[in-house]
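For what it's worth, our numbering labels the leading residue of the sequence shown as 2, then goes sequentially.
Glycine included, C-beta positions come from ideal geometry on N, C-alpha and C.
Fair warning: this is a prediction, and the values are worked out from it, not measured in the lab.
Please read the structure below before turning to the comments.
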Amino acid sequence: MKNIKKREKMYFYSFLLAFLPFFILILSLSVKGGVGERKDIANVYSHKENCDMKIALTFDDGPHGVKTAVILDILKKYSVPATFFVLGENAEKHPEIIKREIKEGHEIGNHTYSHLAISEKNISGMRDEIIKTENSVYEITEYRPKLFRPPEGRCNENIASIAASLDYSVILWNIDTRDWAHTSRDCIVDMVLNNIESGDIVLFHDAVSGKSNTADALEIIIPKLKEKGYIFVTVSELLES
Ligand SMILES: [Zn+2]
C-alpha cells in the first residue's frame with residue numbers, strides 16, 4: 002500500500018516536472034497578452050460582426066452652431082440615437098448643443114481638440130488633445146467619452162496605443178458618405194442604402210464648411226432603413242451587442 006502511494010507521488014512530481022516549461026510559457030504569454038500590442042489593435046473598430054440589424058450613425062467635427070441643431074431635430078423626429086465625435090474647441094463654443102445631445106440620448110465621442118493632423122511628429126500632441134477634449138466635455142456634461150475617432154480616420158499602432166492607454170476604443174467606419182465634400186443628397190442616400198449591412202458604422206459630418214446635404218439625405222435615409230428593419234444604436238451599444 003505504502004509503495005503504491007510512493008509510486009503515485011513519483012508519477013505526480015515527474016508529471017509536474019515534465020510540464021513545468023509549458024506552464025511557464027503559458028504564464029508568460031498571458032502576462033504579455035495583458036499589456037501587449039494585440040490588445041491595442043483589438044481596440045480599433047470599423048464595424049461590428051453578428052449584431053442583428055443594428056447600425057450606428059456617426060457625426061464628426063461638431064458641434065456646429067446651426068447645422069448640428071438641424072440634424073438633432075431630424076434624429077429626434079425619428080427617435081434615432083447617434084454618436085457625435087466632437088472637437089473640444091467646438092464643444093467649448095457650443096456647450097448647449099453638447100448638453101442637448103446627451104439629453105436626447107446620443108453618445109459623445111472624442112475627435113481631438115482642434116482636428117489635429119496626425120503625423121509621427123505630433124504623437125504626444127495627440128495625447129494632449131484627447132485629454133483636453135475629454136476635460137471640456139466633462140466640464141459641460143460630467144460625462145467622460147470612451148470612444149475616440151482620429152481626424153480623417155488615420156490610425157496606426159501608436160494612435161491605437163495612446164487611445165488604449167487613456168481607456169478609449171478607436172472608432173473608424175465602414176460606410177463613408179463623403180458629405181464633407183458637398184456630395185449631393187442623392188449620392189449620400191445611394192451610398193448608404195446600397196451598401197448598408199448589420200453592424201455597420203456610417204460616417205457623416207454635422208459641421209461642414211459651406212453647403213451641406215447631410216440633413217436632407219438623412220430625411221430619406223432614416224425612414225428607408227427603418228422600413229428595412231434596421232435598428233439604430235449608439236456606437237457603444239453596437240459594440241456591446
Ligand atoms: Zn473630422
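Residues of the same chain with a CB within less than 8 Å of the CB of Asp168, apart from the 5 flanking positions on each side, are Lys147 in chain order.
Judged by beta-carbon spacing, Glu153 lies beyond the 7 Å limit of Tyr114, meaning their Cβ atoms are not closer than that value. Taken in chain order, the whole beta strand (DSSP E) runs of length 3 or more contained in the region 98 to 177 are 108 to 111, 170 to 172. Excluding residues up to 5 positions away in sequence, Ser47, His48, Asp201, Ile202 lie with their Cβ nearer than 7 Å to the Cβ of Asn175 in the same chain. In the displayed model, Ala83 falls within coil according to three-state DSSP, outside both helix and strand.
Nearest in C-alpha terms to Thr215, of all of Asp74, Glu50, Val45, is Asp74. The three-state reading of DSSP puts Ile202 in strand, counting E and B together.
Here Ala182 is exposed, its C-beta having fewer than 16 other C-beta atoms within 10 Å. Within the chosen limit of 6 Å, ligand 1 does not reach the beta carbon of Pro146 with any heavy atom. Shown here for Gly126: same chain residues with a beta carbon closer than 8 Å to its own, the five before and five after excluded, namely Leu117 in chain order.
For Asp187, there is no enclosing beta strand (DSSP E); the enclosing alpha helix (DSSP H) covers residues 186 to 194.
Applying a distance threshold of 6 Å between residue Cβ atoms and the heavy atoms of ligand 1 selects Asp61, Asp62, His112, His116, Pro152, given in chain order.
Per the coordinates, the alpha-carbon of Ser170 lies some 31 Å from the alpha-carbon of Ile221.
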